[in-house]
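Note sheet for the following structure.
There are 2 protein chains.
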Amino acid sequence: MKMTPLITSAVMHFGEMGSRWGFNRTVGQILALIVLNDEPISAQEIADALNISRGNTSMGLKELQSWRLVKQHLVPGERKDFFIPAGDIWTLANRVFEERRKREIDPTMSLLRDLLLDAPGNDKEASAQHKLNEIHDLLESVTAWSEELQNLGPEKLNTLMKLGSGVGRMLDLKDKLLPGKNSVN
Amino acid sequence: MKMTPLITSAVMHFGEMGSRWGFNRTVGQILALIVLNDEPISAQEIADALNISRGNTSMGLKELQSWRLVKQHLVPGERKDFFIPAGDIWTLANRVFEERRKREIDPTMSLLRDLLLDAPGNDKEASAQHKLNEIHDLLESVTAWSEELQNLGPEKLNTLMKLGSGVGRMLDLKDKLLPGKNSVN
DNA sequence: TTAAACTTTCAGTAATTTCTGAAACTTCAG
DNA sequence: CTGAAGTTTCAGAAATTACTGAAAGTTTAA
Numbered sequence: 038m039k040m041t042p043l044i045t046s047a048v049m050h051f052g053e054m055g056s057r058w059g060f061n062r063t064v065g066q067i068l069a070l071i072v073l074n075d076e077p078i079s080a081q082e083i084a085d086a087l088n089i090s091r092g093n094t095s096m097g098l099k100e101l102q103s104w105r106l107v108k109q110h111l112v113p114g115e116r117k118d119f120f121i122p123a124g125d126i127w128t129l130a131n132r133v134f135e136e137r138r139k140r141e142i143d144p145t146m147s148l149l150r151d152l153l154l155d156a157p158g159n160d161k162e163a164s165a166q167h168k169l170n171e172i173h174d175l176l177e178s179v180t181a182w183s184e185e186l187q188n189l190g191p192e193k194l195n196t197l198m199k200l201g202s203g204v205g206r207m208l209d210l211k212d213k214l215l216p217g218k219n220s221v222n
Numbered sequence: 038m039k040m041t042p043l044i045t046s047a048v049m050h051f052g053e054m055g056s057r058w059g060f061n062r063t064v065g066q067i068l069a070l071i072v073l074n075d076e077p078i079s080a081q082e083i084a085d086a087l088n089i090s091r092g093n094t095s096m097g098l099k100e101l102q103s104w105r106l107v108k109q110h111l112v113p114g115e116r117k118d119f120f121i122p123a124g125d126i127w128t129l130a131n132r133v134f135e136e137r138r139k140r141e142i143d144p145t146m147s148l149l150r151d152l153l154l155d156a157p158g159n160d161k162e163a164s165a166q167h168k169l170n171e172i173h174d175l176l177e178s179v180t181a182w183s184e185e186l187q188n189l190g191p192e193k194l195n196t197l198m199k200l201g202s203g204v205g206r207m208l209d210l211k212d213k214l215l216p217g218k219n220s221v222n
């Protein structure tokens, strides 16, 4: 399980970026190692390759499983657990996206909903509430849309993304062809 | 500058979420306070309202300015600086998005480009490189697309988002109407 | 040019987060 | 059963990140 220089660089980078992506250094490193490795890899091999404690490895793997980024792969004859990525690159990116939405947006939406239920105590509060409402609506649109996009599936999503500036033109086109169909939601 | 209960709750929550959104607790609190406050507010008032040191306040404001989320607002007669949001809610959300892309995606794209330049040393490296390439392409699409969407401007973007599941249907429609126009990029 | 009013910086401290490793637990072959 | 091979947990140590407050810096009115 000696890492090649290329893999080492990538693993180290994913470690450094880890905290910006919502997990910590070792979790990022473990993820990179599992993704870049062609073979299923055991917890012990991971600990050795990254020079981290067995306990830390176990926690990192647990977290990656909670993010649904890696999964266990049981090898028939073997006693120990092996790990592999939970899907292709596209799937993994999606999972990170979704999981982050849950952690970064959902709690705020829920708080905002609560705060908007109370009657404002005075003008200041009324104005603040109005702004909180704007934030809530924005987050709601973004959430709904991201779910929509996920439902499109990889192929269509790719078509849409590759469309580039064509999206703008397409919207115009649609307005001409299907007037009054804006309220699809 | 006594905060009302509503504003206090919101400010505290934005503080707690701060770290998940890419900055720290006080920065989140300061942002919320500036956004929810109708009047421009001075650094000293912020420090008092949040019970944080003047130094910390100054650093937080500096960071928020580097994110282009708040800006100075010079009041004619006054000596001190006042602060206000750098735009409406939509603009602010966009800035956070953009700024995070810079911090979370761009460095990785740049590393991946470098790693893909080297010739693979063996089969393992060749395979890893292939995966890194996939990641690179994915990030590139996402980046390009998010720029595209920003160029659409708020109104069109909103139309697109509100379209909901209509997007899928629209893509089908487009294929029928404009066959062979997929390669807009 | 002075000094009052304000801002920024930064060394040291406090708070938080991550990591280790030993102990407890689980599973299974013999 | 028993113990070997493995995993998980968690209290404390280490590392990182955030915060304070005093000192240095800046600006402007007089």
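Residue numbers (my numbering), protein chains in the order written: chain U, 38 to 222; chain P, 38 to 222. Just so it is clear, CB atoms sit at the ideal spot from N, CA and C, and this is done for glycine as well.
| task | Determine the chain U residues that contact G158 (chain P) at a beta-carbon separation under 9 Å, and present them in chain order. | result | Near G158 (chain P) (Cβ distances below 9 Å), the residues of chain U are T41, P42, L43.
| field | 8 Å contact criterion, which F122 (chain P) and V107 (chain P) should meet: CB distance rounded | value | It should be pointed out that residue 122 (chain P) corresponds to Pro in this sequence rather than to Phe. Right, their Cβ atoms sit about 6 Å apart.
| task | Go ahead and pull the three-state DSSP assignment for F60 (chain U). | result | Three-state result, F60 (chain U): coil.
| query | CB-CB under 6 Å to N222 (chain P), same chain, minus the five flanking residues each way: which ones, in chain order? | reply | Note that N222 (chain P) scores 35 on pLDDT, short of 50, meaning its location in the model is unreliable; the coordinates nonetheless yield the value given after this. Excluding its 5 nearest sequence neighbours in each direction, N222 (chain P) has no C-beta neighbour in its own chain below 6 Å.
| Unbroken stretches of the alpha helix (DSSP H), 4 residues or longer, contained in the stretch 130-187 of chain P | You should have 143-154.
| Where does P42 (chain P) sit, in a helix, a strand or coil, going by DSSP? | DSSP places P42 (chain P) in helix when its eight states are reduced to three.
| task | Give every residue of the same chain whose Cβ lies closer than 6 Å to the Cβ of R137 (chain P), excluding the five residues on either side of it in the sequence, and list them in chain order. | result | Non-local beta-carbon contacts of R137 (chain P) in its own chain, meaning distances under 6 Å to residues more than five positions away in sequence, involve G59 in chain order.
| field | Length of the line joining the Cα atoms of E171 (chain U) and I126 (chain P) | value | Their backbone Cα atoms lie some 7 Å apart in a straight line.
| For the putative contact between I67 (chain P) and G97 (chain P), defined by C-beta atoms under 8 Å, what is the C-beta separation to the nearest angstrom? | The C-beta separation of I67 (chain P) from G97 (chain P) comes to about 5 Å, placing the pair in contact by the 8 Å criterion.
| field | Distance CB(R140 (chain U))-CB(R57 (chain P)) smaller than 7 Å | value | The answer is yes: Cβ separation under 7 Å.
| What residues in its chain sit with their C-beta under 7 Å from that of S220 (chain P), if we drop five residues either side in the sequence? | Here the model assigns S220 (chain P) a pLDDT of 42, short of 50, so the residue's position is not dependable, and the following value carries that caveat. Its chain contains no residue whose beta carbon lies nearer than 7 Å to that of S220 (chain P) once the 5 sequence neighbours on both sides are disregarded.
| Can you tell which of P:S46, P:S178, P:I71, P:M54 has its C-alpha closest to the C-alpha of D109 (chain P)? | A small fix is needed here, since residue 109 (chain P) is Gln in this sequence, not Asp. Checked all of P:S46, P:S178, P:I71, P:M54; the closest Cα to Q109 (chain P) is P:I71.
| Whose C-beta lies closer than 8 Å to the C-beta of E100 (chain P) among residues of the same chain, with five residues either side of it excluded? | Same-chain partners within the cutoff: F60, V64.
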